[in-house]
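For reference, the structure discussed in these notes is given below.
Numbering (the UniProt record's numbering), first residue to last: 1 to 401.
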């Protein structure tokens, strides 16, 4: 009965084989689509990763261009200011300071007394020397009288010539002794004159160690000078110029002085002479400048910054930030970015290193794009991305060390 019902109602039977095939094919297509989409997404992600990795492997750098000092730059060096003339006043005789007549800061004239010494020992030596001279002078006069008498008796053949010559020789000896005694008196009197210390020239007293009652011993190399007198109407400035710039400074050229105690004020000076020799220890040439000092603003012993206009003849006159220089065993070099954004390492010669900036003597051209703060691993042929371009920022005036 059941078999009859199933034959009479074919719709109630399961799907046929054709339908199953269609369903299987659809599922396969869907699976292939899913697999294709997955593979495509993976390929896209892989390509994106490759592009990201490629982009990450190309560093982005900032570049600068050398600053060309067409009008030259200032060479600024430390200088030592000294008085035009300076004299340390010592005592030439032993004694005690009776009084001092000038103090620190006093303006004195040539020959003006500075201090007076008491020298009792010297006074006694002078008295003894004068007594010795009087004795020698008396002996000389007696010998002279005796010699004249014997000469007269020789004319009458009353004495022998030998005896007359002996008396003449005694007169010569007595005369020499008298002259020596007189010279000793003059020497001691000259020493007495040194008990009065005087200024050797017009100037200012810049030091005083004389104290009333203090013992003064002459010839003591370790003793301090009693006074120091300085002529400050004109000042001398001594500067050590590096050998690389010694050919650029010459007598007659002008310079400018600045001192820390006078901000915003400058003083004019003229280079007057050069030692003409390079010091073996410092590698510099000592030069001398002179500057007028009518108001006494420049003080002996002061520190000054001396600025020379050396012009653009030193190297090629280009300045770079110090951060753009790479140092290696082969010397300093820079990373130059080409038109294709590829790196070329160029060796350079530094004429002056200022820390923040460096003066380049050779190896660059004004249009070179230099990588600022390059990584240590950068090499010729590397590709980079340029972030920005800016001037080097070096000023015309730099300070030499």
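Beta carbons: idealized from backbone N, C-alpha and C, even for Gly.
Using beta-carbon positions only, say whether residue i and residue j come within less than 8 Å of one another.
{"i": "residue 347", "j": "residue 363", "result": "yes"}
{"i": "residue 283", "j": "residue 243", "result": "yes"}
{"i": "residue 305", "j": "residue 113", "result": "no"}
{"i": "residue 201", "j": "residue 85", "result": "yes"}
{"i": "residue 191", "j": "residue 92", "result": "yes"}
{"i": "residue 174", "j": "residue 155", "result": "no"}
{"i": "residue 98", "j": "residue 81", "result": "no"}
{"i": "residue 184", "j": "residue 127", "result": "no"}
{"i": "residue 384", "j": "residue 343", "result": "yes"}
{"i": "residue 197", "j": "residue 89", "result": "yes"}
{"i": "residue 371", "j": "residue 325", "result": "no"}
{"i": "residue 273", "j": "residue 251", "result": "yes"}
{"i": "residue 286", "j": "residue 234", "result": "no"}
{"i": "residue 232", "j": "residue 204", "result": "yes"}
{"i": "residue 65", "j": "residue 369", "result": "yes"}
{"i": "residue 297", "j": "residue 262", "result": "yes"}
{"i": "residue 289", "j": "residue 270", "result": "yes"}
{"i": "residue 100", "j": "residue 208", "result": "yes"}
Can you look up residue i in the DSSP assignment and give me helix, strand or coil?
{"i": "residue 147", "result": "helix"}
{"i": "residue 346", "result": "strand"}
{"i": "residue 136", "result": "helix"}
{"i": "residue 112", "result": "coil"}
{"i": "residue 182", "result": "helix"}
{"i": "residue 232", "result": "strand"}
{"i": "residue 165", "result": "helix"}
{"i": "residue 195", "result": "coil"}
{"i": "residue 385", "result": "strand"}
{"i": "residue 299", "result": "coil"}
{"i": "residue 380", "result": "coil"}
{"i": "residue 98", "result": "strand"}
{"i": "residue 318", "result": "strand"}
{"i": "residue 250", "result": "coil"}
{"i": "residue 308", "result": "strand"}
{"i": "residue 157", "result": "coil"}
{"i": "residue 216", "result": "strand"}
{"i": "residue 118", "result": "strand"}
{"i": "residue 11", "result": "Legend: pLDDT at residue 11 = 49, less than 50; position of this residue unreliable, value from coordinates given subsequently. Here residue 11 sits in helix by DSSP."}
{"i": "residue 74", "result": "strand"}
{"i": "residue 313", "result": "Confidence at residue 313 is low in this model, with a pLDDT of 44, below 50, so the placement of that residue is unreliable and no value is reported for it."}
{"i": "residue 170", "result": "helix"}
{"i": "residue 339", "result": "coil"}
{"i": "residue 176", "result": "helix"}
{"i": "residue 27", "result": "helix"}
{"i": "residue 222", "result": "coil"}
To which residues does DSSP link residue i through a beta bridge?
{"i": "residue 89", "result": "227"}
{"i": "residue 126", "result": "None, per the DSSP bridge assignment."}
{"i": "residue 261", "result": "Bridge partners of residue 261: none, in fact."}
{"i": "residue 291", "result": "235"}
{"i": "residue 281", "result": "DSSP lists no partner for residue 281."}
{"i": "residue 243", "result": "Beta-bridge pairing links residue 243 to no other residue."}
{"i": "residue 80", "result": "238 and 303"}
{"i": "residue 326", "result": "333"}
{"i": "residue 353", "result": "358"}
{"i": "residue 60", "result": "385"}
{"i": "residue 255", "result": "269 and 308"}
{"i": "residue 42", "result": "According to DSSP, which records beta bridges pairwise, residue 42 is partnered with nothing at all."}
{"i": "residue 107", "result": "204"}
{"i": "residue 32", "result": "None, per the DSSP bridge assignment."}
{"i": "residue 286", "result": "240"}
Starting from residue i, trace the beta strand (DSSP E) in both directions and tell me its first and last residue.
{"i": "residue 372", "result": "369–372"}
{"i": "residue 268", "result": "267–278"}
{"i": "residue 361", "result": "357–362"}
{"i": "residue 208", "result": "203–208"}
CB of residue i to nearest heavy atom of the ligand MN: below 7 Å?
{"i": "residue 267", "result": "Absence of the ligand MN is noted for the structure shown, with no ligands found whatsoever."}
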